[in-house]
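Participant: Residue numbers (my numbering), protein chains in the order written: chain R, 132 to 502; chain S, 132 to 502. From the three backbone atoms N, C-alpha and C, an ideal C-beta is built for every residue, glycine too.
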């Protein structure tokens, strides 16, 4: 495949918006195109992530809608839905389109709007990413999914609730350094521990919020990127899946799809976890089971061994599900360009983006690097 | 890009089923894999089309679910939703993945279940493929969309209701030759003309039914296809978009996205409309405005100049929207292999697949040929 580079990125502020998901995407896309110095008419394809548009906005077929709002109605569009990994999957397929030589300039993005419905409704719609026959019927929703996984990790490795709280504290601190984050306030381990239980052992401050938002990334071929100082190269982009049903998984404390996707991404990029300077999610970076210790000791904080989610992550930056993957790519690109301001990871040259969808059934991992 | 071939196809009977869309897809996929002589464990990726699963089955994240049901939970999956063109778009992206050299064996398919909800509900959910802000609020549903388009064609070209009825009559005749078609009975122009109005000028017998069903296609690289007598080659696969809003389109009697996608597909394949022996939808095959005459004179019937939809088409075969694109590919492959039995188009060597999504805002066109 040909080499592919990111030339521009854009994100909206995450939080509550009184605009459609397509309009939020378009705001981010205008920013990304300007950042790339690419005219809208140069865009040859749009890969678009959106998850619950059918449920919260009565809107399917969001690809051509997003393109129309942006003013490029003629480009082929593809809406991709792989739960929370949707716009990371969109990114991966756009890399393939350019890599295959089909196009030279591809726009990737996503948009999501959920704060126009009640929390009960969005909790139900998000649960559609679990199995309707065997899981939703039991009352399982996503806080429950991740509570089961957290409990398995605690049981197997001795991870503590305080260690998990340290992840939220770290992410809230990072969020204070990100003007586009949904939450921009510090919290303490004690506050997390005292917050109401959502799904034992997860408490309110452990969980990510519901968010509206949009994100976009401009991808180009090597010919176009050459000589552009701010171009960030896609070293690899991989995906893996796993059993849809939680009940089919052998060990809830691990995420086999992450392990497989990461292995493929490292292999394709010709590097390993030791080369990663900044990540949006930790994986292969610490030994299995030591993530709790890593968070507690500050190894994943800004200034630590491998800063994870300097943006504030889904926890504090927010999580507009269809836009999250593209927003993660945008953060890592910003870090690798050295343009992250107060949340800059010093000397970052290689970054990893990891996005998990649904019951850990879809995972995308991409590696990015500066020349 | 590397050359890509279809090695196997499978479809369920279309109609009412008491199974989930994922199960319907899996039935078709088992048939397609057996047809290809490919083991499930050889599949490296799944591209999956599903449209209203969130609405009719409370099921999103249908990619890994479909893979799990089929027993290949580890392969990367991508759910694509471009309204009625979803699994044709899935096909196109799978061609790109193999063309780029990323994979050698890719499964494409789709599944849809809508007959578990009322006609009123499915009519509403299908309307989500039009714009929620500017079109759904006016009460526009898809029979209305196509009624407006039909009226524009009648006004501009003098196309008559009887000519349009001839399309339905032709498709019902073809459907009687297809054991998997939802409708297997002949109808007459008089019956169409007397059937109740759905959206003037379209009557009940002009319109396609709601359908449950699944379809699957196995794609492989040239190395694997070489020497396989029943392999059918993908000559090209293209897509185009158009304005989301009907009100933004300049001339409803034409479909610019079809014209652009077809031009790209012919260009990439190095051929033209004159080379097409069998098609799932007519385009570029007759002069603009003469489609009505072509249907009336039988030019698009089996035995005519260019048989269109020998399967019975969406009208008689049925239209499980997420599965339709893959099912169209399956029909053309079957025709090009000379295995279509009583509905065989004699001597078919080149076939065209055309799928339209939503308010004519997404169109995919692929050309297939035998060696």
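What residue range does the alpha helix (DSSP H) around residue 363 (chain S) cover?
Facilitator: Taken as a continuous stretch (DSSP letters only), residue 363 (chain S) belongs to no alpha helix (DSSP H), being part of the beta strand (DSSP E) at 363 to 372.
Participant: Do residue 499 (chain R) and residue 363 (chain R) have their beta-carbon atoms positioned less than 8 Å apart in this structure?
Facilitator: Yes, the pair counts as a contact, with Cβ atoms nearer than the cut-off.
Participant: For residue 488 (chain S), would you say it is in contact with chain R, using Cβ-to-Cβ distances shorter than 8 Å as the test?
Facilitator: Yes, residue 488 (chain S) lies at the interface with chain R (some Cβ there is under 8 Å from its Cβ).
Participant: Which of the three DSSP states is assigned to residue 211 (chain R) in this structure?
Facilitator: Reduced to three states, the DSSP call for residue 211 (chain R) is strand.
Participant: Does the distance from the CB of residue 344 (chain S) to the CB of residue 155 (chain S) come in under 8 Å?
Facilitator: For residue 344 (chain S) and residue 155 (chain S), yes; Cβs fall inside 8 Å.
Participant: Excluding sequence positions up to five away, which residues of its chain have a Cβ less than 6 Å from the Cβ of residue 254 (chain R)?
Facilitator: Once the five neighbours on either side are set aside, the close Cβ partners of residue 254 (chain R) are 272.
Participant: Look up residue 182 (chain S) in the DSSP assignment and say whether it is helix, strand or coil.
Facilitator: Coil.
Participant: Taking the straight line between their C-alpha atoms, what separation do you get for residue 335 (chain S) and residue 324 (chain S)?
Facilitator: The alpha-carbon atoms of residue 335 (chain S) and residue 324 (chain S) are separated by roughly 9 Å.
Participant: Mind checking who residue 410 (chain S) pairs with in its DSSP beta bridge?
Facilitator: For residue 410 (chain S), which the question treats as bridged, DSSP gives the partners S:439, S:483.
Participant: Under a CB-based cut-off of 8 Å, is residue 191 (chain S) close to chain R?
Facilitator: Judged by the 8 Å Cβ criterion, residue 191 (chain S) is in contact with chain R.
Participant: When the Cα of residue 209 (chain S) is compared with those of S:203, S:193, S:199, which residue comes out closest?
Facilitator: Ranking the options by Cα distance to residue 209 (chain S), first place goes to S:193.
Participant: Which same chain residues end up closer than 6 Å to residue 330 (chain R) when comparing Cβ atoms and leaving out the 5 residues on each side of it in sequence?
Facilitator: Answer for residue 330 (chain R): 274, 275, 278, listed in chain order.
Participant: Cα-Cα, which of R:212, R:240, R:317 is closest to residue 347 (chain R)?
Facilitator: Residue R:240 is the option with its Cα nearest to residue 347 (chain R).
Participant: Where do the N-terminal and C-terminal ends of the alpha helix (DSSP H) with residue 194 (chain R) fall, by residue?
Facilitator: Here the alpha helix (DSSP H) through residue 194 (chain R) covers 193 to 201.
Participant: Can you have a look at residue 360 (chain S) and say buried or exposed, based on whether 16 or more other CB atoms are within 10 angstroms of its CB?
Facilitator: Flag for residue 360 (chain S) reads exposed.
Participant: Check each residue of the segment 262 to 290 of chain R: if its Cβ is closer than 7 Å to any Cβ of chain C, include it; give the result in chain order.
Facilitator: Looking for chain C here will not work: the only protein chains present are R and S.
Participant: Please tell me whether residue 224 (chain R) and residue 219 (chain S) are closer than 8 Å, where the distance is taken between their beta carbons.
Facilitator: Against a cut-off of 8 Å, the Cβ pair of residue 219 (chain S) and residue 224 (chain R) comes out as no contact.
Participant: Contact between the segment 381 to 390 of chain R and the segment 279 to 293 of chain R is defined here as three or more beta-carbon pairs at a separation below 8 Å; is this criterion met?
Facilitator: Touching, yes.
Participant: What residue does the beta strand (DSSP E) around residue 268 (chain S) start on, and which one ends it?
Facilitator: Unbroken run through residue 268 (chain S): none, as it is neither H nor E.
Participant: Taking CB distances under 8 Å as the criterion, tell me whether residue 355 (chain S) reaches chain R.
Facilitator: Taking Cβ atoms only, chain R never reaches closer than 8 Å to residue 355 (chain S), which makes this a no.
Participant: Going residue by residue through the segment 293 to 381 of chain S, where are the continuous alpha helix (DSSP H) segments of at least 4 residues, counting only ones entirely within it?
Facilitator: The qualifying runs are 320 to 325, 353 to 356.
Participant: Taking CB distances under 8 Å as the criterion, tell me whether residue 450 (chain R) reaches chain S.
Facilitator: Cβ-Cβ to chain S under 8 Å: no for residue 450 (chain R).
Participant: Give the interface partners of residue 373 (chain S) over in chain R, defined as CB-CB distance under 9 Å, in chain order.
Facilitator: Near residue 373 (chain S) (Cβ distances below 9 Å), the residues of chain R are 195, 199, 204, 205.
Participant: When you check each C-beta in the segment 249 to 261 of chain S against every C-beta of chain R, which residues fall closer than 9 Å?
Facilitator: Flagged, chain order: 255, 256, 257, 258, 259, 260, 261.
Participant: Given a cut-off of 8 Å on the beta-carbon distance, is the pair residue 183 (chain R) and residue 206 (chain R) in contact?
Facilitator: The answer is no: Cβ separation not under 8 Å.
Participant: With a cut-off of 8 Å, do at least 3 Cβ pairs link the segment 452 to 467 of chain R to the segment 479 to 487 of chain R?
Facilitator: A contact exists between the segment 452 to 467 of chain R and the segment 479 to 487 of chain R.
Participant: If you draw a straight line from the alpha carbon of residue 452 (chain R) to that of residue 178 (chain S), how long is it in whole angstroms?
Facilitator: For residue 452 (chain R) and residue 178 (chain S), the distance between alpha carbons rounds to 21 Å.
Participant: Rounded to the nearest angstrom, how far is the Cβ of residue 214 (chain R) from that of residue 446 (chain R), given a contact under 8 Å?
Facilitator: About 18 Å; that fails the 8 Å criterion.
Participant: Under 8 Å Cβ-Cβ, which residues of chain R neighbour residue 210 (chain S)?
Facilitator: Within 8 Å Cβ-Cβ: 211, 212, 213.
Participant: Report the three-state DSSP secondary structure of residue 240 (chain S) (helix, strand or coil).
Facilitator: Residue state, collapsed to three classes: strand.
Participant: Do you know how far the Cα of residue 203 (chain S) is from the Cα of residue 493 (chain R)?
Facilitator: Distance between the alpha carbons of residue 493 (chain R) and residue 203 (chain S) is about 13 Å.
Participant: Would you tell me roughly how many angstroms separate the C-alpha atoms of residue 480 (chain S) and residue 313 (chain S), rounded to the nearest one?
Facilitator: Taking the straight line joining both Cα atoms gives about 27 Å.
Participant: By the 10 Å Cβ neighbour count, where 16 or more other Cβ atoms means buried, how is residue 337 (chain S) classified, buried or exposed?
Facilitator: Answer is buried; the Cβ neighbour count reaches 16.
Participant: Using DSSP bridges, identify the partner residues of residue 499 (chain R).
Facilitator: DSSP output for residue 499 (chain R) lists R:365, R:482 as bridge partner(s).
Participant: What is the residue span of the beta strand (DSSP E) that residue 139 (chain R) lies within?
Facilitator: Note, residue 139 (chain R): beta strand (DSSP E), 135 to 142.
Participant: Just the Cα atoms here: how many angstroms apart are residue 157 (chain R) and residue 197 (chain R)?
Facilitator: Approximately 7 Å, taken between the alpha carbons.
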